[in-house]
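What follows is a single structure, written as structure tokens, with notes after it.
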Amino acid sequence: MISVFLETIIQAIGVILVSPLYSGILDKWKANVASRKGQSIFQPYFDIFKLLKKETTVSSNASSIFIYTPYVVFSTYIVISLVIPVVYPEPILLTPTVDFLGGALLFSLAGFLKIIEAMESGSNFVALGSARATSFSFLGESTLITVFFAVALITGTNNPYIEHEFAQIPQYYLALDHILATVAFFMLWLFETGKLPVESSGLAELGMIDDALIYEYSGKPLALLKWGGYMKQYLLGSVLLNVFLLPWGMQLGVLGAMEDIGIMFIKWLFLLFIALVIDTSLAKLRLFKVQDFLAVAFVLSITSLLLSVIQNA
Amino acid sequence: MSIFLSIFKKKIGYALSAITSIIFVYYGITIGNIYGYFFIISGLVWLFSSIFSIFYDTYGKWLSPLFITSILGMAIALTARTYIEFLAGWEIMTIPAYAIIGLNRKLDSPAFIFMGFGELSTILIFAGFIYAYTTSNSFYFTALDTYIPLIVITFGFMIKMGIFPFLVTEWLPIAHGNSPANASAILSATMTLVAAYGIVKMMLLSPDIPILGYILMGIGGFSIFFGALYAYISEHVKGLLAFSTIENNGAILSAIGVYMTYPTKTIAEFALDVIVTFAFAHSIAKTGLFMISGTVEGEALSKLKIIRNKLGEIGGILLASSMSGLLPNIGGVATWSLLESLFMEAYILHSTLSSISIITGSVIAMGEGFASAAMIKFISYTQVFKGITGKSAKITIFSIIGFVILILGSLSYLLFRNFIYGVPSLGIPNGFIIISEYSSGKIFGDISPFYVLILIVVFSLLTLGIFGKPKVRKTNTWNNGIKPREEYTAFAFANNIRLMLSKLLRTEIKGDSLETSTDIFWKVMYYIAKKYVSFSRRLARSYMNSSISWYIIYMILAFILITILVVIL
Amino acid sequence: MDIGSWGEIYMNWFLKGLKKGIKTEKFPKTNPIDIAPWSTELNGSGNVNCPTKAIDNGSWNSERCIYCRRCYPLYSPTGNIDIFKVNKKNNIFRRSFYVYPIDIGTCGGCNLELKLISSPQYDMTRFGIFFTNTPRHADALIIMGIMTEGMKEPLLNAYEAMPEPKLIIALGVCAISGGILGTGSQIKPDVIIPGCPPNPYTILKALIEAKGDKE
Amino acid sequence: MRRLIGQLGKFCLYSDTYFEGTCPHIENEEIANSPYGAFNFTYGPSAGGLFESVGIDINTFGEYIRNIKVNPNYKKREIRILDKSIEDAILYIERINAAFSASHVISFLSAIDKISESDIDSDVLNLRILQIEMERIRNNLFVIERLVESAGFQVPLYQLQYLIENVNRKIGKLFGHRYFFGVNSVRKININDPKVDFTGIEREFKTIYEDIIENRIFIDRLQGNGIIKDERSIGPAARAAGFYYDARIEDEFLPYKDFDFKISTYNSADAFGRLIVRSEEIFESLRIISQIKVKSKEYKIKVNDGEGIGRVESPSGDSAYFVKVNNGKVVNIDLLSPSSINIELFSKSMVKNIFTDFSFNWESFGIWISEVGVRFI
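Chains as they are written, first to last, in this note's numbering: chain A, 1 to 313; chain B, 1 to 569; chain C, 1 to 215; chain D, 1 to 377.
Shown next as structure tokens:
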């Protein structure tokens with residue numbers, strides 16, 4: 001009981017504290033490839049700490065919903081961090097709160113809240129970005145759901161931890177349906193975390209999608225939203241790694257849990273490297289091409305679903 | 001008798017109907033079987049909408065008696081023991097509805113469209129009952145040994161629910177769009193509910209018929225997709241909600257489909273609970289949303305006059321999030337359980353048949369995406385995004401419903417009586433988890449709405465405790481240094497989809513307007529038939545640089561083919 | 001846009017980037033490399049007729065000088081870039097400093113020079129300095145150009161929209177004194193960076209000091 | 001072949017002459033009514049995506065641009081230049097737009113030269129050409145950098161910034177100032193360090209250029225974006241549409257004919273075409289520069305009274321000055337800036353595109369608000 005408690009703490013804290021680091025590393029690498037020395041890999045932390053010290057200016061249109069929803073969004077990501085194998089490979093406390101599909105719905109919840117709260121600022125630029133985010137959600141959310149079911153249909157359970165074990169079996173890992181699902185999920189990850197070729201955070205307002213949702217925020221709420229964003233990237237990325245891409249090598253026990261943070265770090269360097277190559281090699285797609293990009297991911301995931309039932313029929 | 005009273009004094013009439021509704025709810029609780037749930041749901045809806053009407057009704061003396069008569073009719077239909085009682089109630093429910101829509105006439109068509117389809121459905125239902133009578137020689141609802149009546153009646157009810165292929169985009173939105181908000185609420189929330197109730201009742205009395213199940217499943221799936229899509233691009237404050245009703249009815253229908261296919265006893269039972277959960281989620285949240293549409297001034301989303309306040313926003317957000325199928329609201333539980341049941345079926349069949357439920361599930365997943373989008377649009381442009389702050393009793397009522405929806409999420413355990421579970425070792429005691437299993441003991445997935453709610457609350461408070469409140473200063477919205485001349489319109493908010501899905505929606509940009517075709521569905525079907533031969537080649541060529549509609553058409557096609565395949569075999 | 005051809009075409013920017021290597025200079029540890037003389041400190045003696053009164057009885061006032069070279073050869077550039085003044089610094093921003101530039105009537109020169117501090121040679125990001133596109137995220141407001149009628153309201157709005165604590169930086173003589181063209185900004189700056197336009201080296205060093213780095 | 005350039009004060013300026021009176025306006029179908037759902041999206045004046053302060057009003061259904069209005073007057077500056085001596089006037093002209101400073105000063109000076117008795121030999125004129133061409137290189141690089149930045153195209157973005165900074169340093173080394181401030185006067189052209197070589201630039205830019213136009217996603221953002229084929233257009237916009245318009249071959253005052261270079265044109269008339277033309281021009285300008293011997297030289301201008309017009313090909317098209325001098329002082333001055341014409345072309349070409357195309361099209365014209373929002377008093 002005590003050990004499971006500790007493992008829970010390690011996983012939750014691990015997610016919250018480590019997640020910004022990976023964005024920092026990716027930015028640093030990107031800067032280096034762009035022949036710059038680049039910022040510190042701890043820059044995300046510096047930004048967050050500074051923002052926590054700053055005042056919050058709020059548009060006169062907004063109410064306290066605008067100010068406090070970021071806290072809810074942040075905590076939603078904490079909940080998710082308890083239910084999917086993002087650090088520790090065995091179920092931990094409260095893991096049964098939701099299954100994989102439930103997790104997907106929680107991601108949608110966070111996204112929904114982010115958009116609604118941002119809309120309260122009454123800014124046209126926010127509306128512009130929200131409109132884009134919502135227009136793509138029908139492909140984004142559905143792909144997330146179908147991808148999660150892709151593994152569920154093979155393992156016969158929607159329990160992410162069992163799926164994680166299952167993925168380690170070679171003949172399953174190399175099966176076509178699993179590969180398709182993996183590709184689909186990777187494309188989705190690029191979209192959900194605002195990476196090229198879908199999005200890149202520049203200064204041009206008319207190109208914003210996710211950046212628009214934090215456009216009106218400042219101070220603590222902004223810090224929480226940014227941090228939440230890092231957690232989202234970490235959570236989705238870790239699922240991608242542990243259930244699809246590199247399910248191996250996770251350790252058990254309290255000490256194991258500690259090691260797992262390190263093991264995850266190594267896995268992440270691998271994922272970040274792929275992201276680096278893509279982010280430094282591609283340009284941003286035209287807005288309406290983004291849906292084609294997502295549609296490909298969606299069709300891939302459905303194909304994987306169909307394959308998984310038909311080939312094992 | 002409240003009817004007659006209401007003719008003279010409408011407020012009293014509404015008050016009485018509210019009281020009777022409470023009694024009806026109590027009655028439903030005492031029954032305690034699946035039908036009981038339907039009583040509770042409709043009772044609650046009537047209760048809320050009656051109370052709302054007290055503050056809302058400004059439509060002269062006729063609205064309230066008609067409103068109450070319609071409720072009476074539904075009550076009769078729901079409690080009917082014989083076909084005749086049912087039909088009587090059905091008509092008593094329907095006829096005042098024509099009148100209401102007629103009274104509030106902006107165009108002549110809505111009332112007649114509504115009547116026309118109403119009658120068509122009645123005829124089908126009537127025919128079904130006649131056949132049932134000839135086989136069982138009893139006017140009472142009794143077990144049947146043929147499924148013909150079920151099929152006929154199902155389609156009869158489906159018309160009432162506005163389900164594809166009965167002109168997915170035509171009558172329900174227009175009809176409801178042009179009736180007063182309180183009437184729209186009972187029409188949209190309970191009248192369609194009665195229809196669902198009818199199907200369920202006949203289904204339980206009839207022998208299994210998997211083929212019909214698969215067909216309903218698919219039809220439901222596409223109703224969800226197109227209902228949600230058209231809801232998103234709809235500009236009519238009530239029309240949007242009506243479309244979303246189609247979407248929800250589609251969900252209920254595909255749950256019914258899952259039950260009819262009867263993959264395993266466990267899944268079937270689970271599906272039955274899904275139906276009820278969805279009915280709850282839809283009817284009550286939809287009532288609240290229609291009330292919101294009753295609090296705003298005007299009908300075109302882009303040109304509304306709005307009074308907003310914090311309470312209203314919170315209530316609205318809760319309602320909207322439930323309608324978008326998000327936890328911890330009951331809507332989330334409903335969506336979760338529907339998808340689980342579909343994919344459990346896919347897993348258990350593990351054959352080409354599975355592809356039906358897989359495609360349906362995927363289409364539903366997309367539909368849910370549109371549903372969120374539609375709801376974000378609706379709530380943004382009726383409460384959150386603009387408007388002047390102020391107080392209003394009407395706002396208070398729907399925000400209460402919002403909280404009801406939230407609570408219902410954590411009460412949804414009661415709806416899944418046979419699927420309650422717990423993992424004490426991981427900190428969740430027995431009774432706090434809803435599981436989905438495909439045969440007893442074989443757990444597929446699980447969810448704990450109560451824990452989701454509590455955890456989010458607790459962690460939010462923790463976060464607040466750790467990071468503390470922000471130091472706030474009010475300023476103008478930052479709009480590049482000046483005041484924007486105009487606000488971002490609701491029309492523009494959904495315009496990406498009009499442009500992205502231009503093939504599917506037939507978007508035409510004219511000099512002084514941008515139009516989308518409303519009865520696209522037939523066009524699309526025709527389009528598919530024409531294009532199918534050269535389809536695969538086209539798909540390959542237009543893989544990355546063509547419009548999205550190809551992928552949707554692809555899924556529709558795949559689905560239809562498989563359905564036909566199954567029906568033939 | 002067929003996926004097949006992505007590989008060979010798109011890897012190469014990544015590889016090019018690696019091949020190019022890191023071009024960032026050691027500044028401010030090392031001295032500036034070939035810097036345009038007429039954006040640095042002037043030194044000399046004697047009275048000249050200076051169109052902006054930057055040279056008044058023998059002393060050179062950086063806050064007015066537009067480097068017109070009328071005073072040459074009596075006065076000539078020394079190559080010293082430290083001509084900025086930091087009246088107020090805030091070390092909350094030591095590791096994270098987001099600046100929002102606002103143009104209230106420039107000739108475009110200050111805009112260009114400011115942008116160039118993000119170029120690989122200078123790379124402001126290694127000091128945690130970034131540009132942002134909304135005052136809500138900004139720690140400093142960089143004001144450039146002479147005060148024009150149309151930009152008064154936007155300037156005040158931007159100032160209002162910024163959360164405390166915040167710094168106001170005047171970039172270029174126009175914003176400081178109005179230079180030769182007009183009058184300076186209506187908001188009192190905490191940091192002034194003279195020059196017409198200021199050299200990227202000067203700008204970068206001034207920002208580093210403004211955010212409270214210990215040199 | 002005569003072409004209309006634009007309104008210069010009270011004159012309508014043509015490639016080879018000018019008449020008193022107003023030019024025919026560039027027709028741009030006005031959409032007055034705002035149908036249901038459409039609204040005016042206000043962008044600017046102060047935005048991260050806009051390099052200078054400019055107000056942009058987009059009438060839209062959402063994403064789809066029905067009509068667009070550019071308001072350059074937020075940062076409108078009043079230049080107190082009248083009744084100043086030529087020597088002082090130059091200080092103001094330099095600061096109308098730093099990016100095109102050389103073009104402005106030199107077109108102003110050539111107007112002065114036309115009404116003066118001056119002994120200006122070809123070396124001086126060549127040095128003026130040198131300035132304009134360096135300016136062209138720097139500015140075209142900058143335009144391309146902005147395009148690449150809009151596409152979030154990290155590596156080439158910073159490699160271009162690196163290149164721009166290098167060019168700036170070379171200019172600064174040669175003339176003592178990175179934007180040619182205080183370089184030109186009525187007596188001499190100030191040279192700081194005559195031996196600066198521009199070899200290297202060409203090789204470095206070539207590798208970047210060849211690879212960005214290989215990138216399918218990137219060129220997809222530019223092709224078909226902002227198509228404008230209008231014989232009223234000028235500069236790269238005109239040449240990208242296949243028009244052979246260039247003040248360097250039309251205006252005889254600067255001896256471009258002594259140099260071997262070609263006017264680069266393209267026929268797609270879209271943002272991509274403008275990218276190609278500007279890139280090719282960089283190579284041509286480098287060729288011109290390589291043919292120039294830098295040697296500082298004094299010269300003498302005796303300013304007479306009278307009026308004259310000077311015109312040069314600035315990086316974004318014709319830039320012309322009308323100057324009236326009375327006993328050594330500027331009594332009347334008018335400016336025809338390339339950006340004022342490009343803004344009209346831009347507004348026309350932006351219609352029927354979507355929001356995310358905006359920055360690509362806007363940057364491809366190389367518009368500078370500072371040279372439009374000026375009033376001489």
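We put the beta carbon where it would ideally sit given N, CA and C, even for glycine. Bear in mind the structure is a predicted one, so any value in this text is a computation, not a measurement.
Item, Value
"Within chain C, the residues that valine 312 (chain D) reaches when beta carbons sit closer than 8 Å", "Within chain C, no residue comes near valine 312 (chain D); the closest Cβ sits about 18 Å away, beyond 8 Å."
"is_contact[valine 72 (chain A), chain B] using C-beta, thresh 7 Å", "yes"
"Threonine 17 (chain D) at chain A interface by Cβ criterion, 7 Å", "no"
"Buried or exposed by the 16-neighbour rule on C-beta atoms within 10 Å, applied to glycine 257 (chain B)", "buried"
"Bounding residues of the beta strand (DSSP E) (the contiguous stretch that carries proline 101 (chain C))", "97-103"
"Within 8 Å of chain C by C-beta, residues of the region 41-62 of chain D in sequence order", "Pro45, Ser46, Ala47, Gly48, Gly49, Phe51, Glu52 and Ser53"
"Under 7 Å between C-beta atoms of lysine 232 (chain A) and leucine 246 (chain A)", "no"
"Short CB-CB distance (under 7 Å) between glycine 468 (chain B) and chain C", "no"
"Inter-stretch contact (C-beta, 8 Å, three-pair minimum) for the region 322-335 of chain B and the region 371-380 of chain B", "yes"
"Serine 439 (chain B) beta carbon less than 7 Å from that of threonine 192 (chain B)", "no"
"CB of isoleucine 376 (chain B) within 7 Å of CB of threonine 143 (chain A), strictly", "no"
"Reduced DSSP secondary structure (H/G/I, E/B, other) of tyrosine 68 (chain A)", "helix"
"Coil, strand or helix - methionine 144 (chain C) by DSSP", "strand"
"DSSP beta-bridge partners of proline 197 (chain C)", "Proline 197 (chain C) is not bridged to any residue."
"Length of the line joining the Cα atoms of serine 60 (chain A) and glycine 122 (chain A)", "9 Å"
"Where threonine 516 (chain B) meets chain D, residues with beta-carbon distance less than 7 Å", "Result: empty, since nearest Cβ-Cβ is about 11 Å, beyond 7 Å."
"Arginine 136 (chain C) at chain D interface by Cβ criterion, 7 Å", "no"
"CB contact flag (phenylalanine 39 (chain D), glutamate 486 (chain B), <7 Å)", "yes"
"C-beta atoms of isoleucine 169 (chain C) and alanine 138 (chain C) nearer than 7 Å", "no"
"Close Cβ partners of aspartate 83 (chain D) (< 8 Å) along its chain, the five nearest in sequence each way excluded", "Lys329, Val330 and Val331"
"is_contact[lysine 195 (chain A), chain D] using C-beta, thresh 7 Å", "no"
"Interface flag, lysine 531 (chain B) vs chain A, CB-CB below 7 Å", "Reliability of the predicted coordinates at lysine 531 (chain B) is poor, the pLDDT of 42 falling under 50, and no value is obtained from them."
"Where tryptophan 62 (chain B) sits in the DSSP three-state scheme", "coil"
"Residue environment, methionine 158 (chain B), which counts as buried when at least 16 other CB atoms sit within 10 Å", "buried"
"Within chain E, the residues that arginine 169 (chain D) reaches when beta carbons sit closer than 7 Å", "Absent from the structure is chain E; the protein chains it does hold are A, B, C and D."
"Spatially closest choice to serine 316 (chain D) from D:Leu336, D:Gly21, D:Cys12 and D:Leu286, by CA coordinates", "D:Leu336"
"Secondary structure of isoleucine 78 (chain A), DSSP reduced to three states", "helix"
"Glutamate 216 (chain A) - DSSP class collapsed to helix/strand/coil", "coil"
"Assigned secondary structure, lysine 50 (chain A) (DSSP; H/G/I helix, E/B strand, else coil)", "helix"
"Any C-beta of chain B under 7 Å from that of lysine 165 (chain A)", "For the sequence presented, residue 165 (chain A) should be read as glutamate rather than lysine. With 7 Å as the cut-off, glutamate 165 (chain A) does not count as an interface residue toward chain B."
"Min CB distance histidine 282 (chain B) to chain A below 7 Å", "no"
"Ranges of the alpha helix (DSSP H) found wholly within the region 345-398 of chain B, counting only runs of at least 4", "354-379"
"Three-state class that DSSP yields for glutamine 291 (chain D) in the structure shown", "coil"
"Meets three-Cβ-pair contact criterion under 8 Å: the region 45-61 of chain A and the region 291-307 of chain B", "no"
"Which of helix, strand or coil DSSP assigns to lysine 297 (chain D)", "coil"
"Proximity of proline 120 (chain C) and threonine 30 (chain C) at Cβ, strictly below 7 Å", "no"
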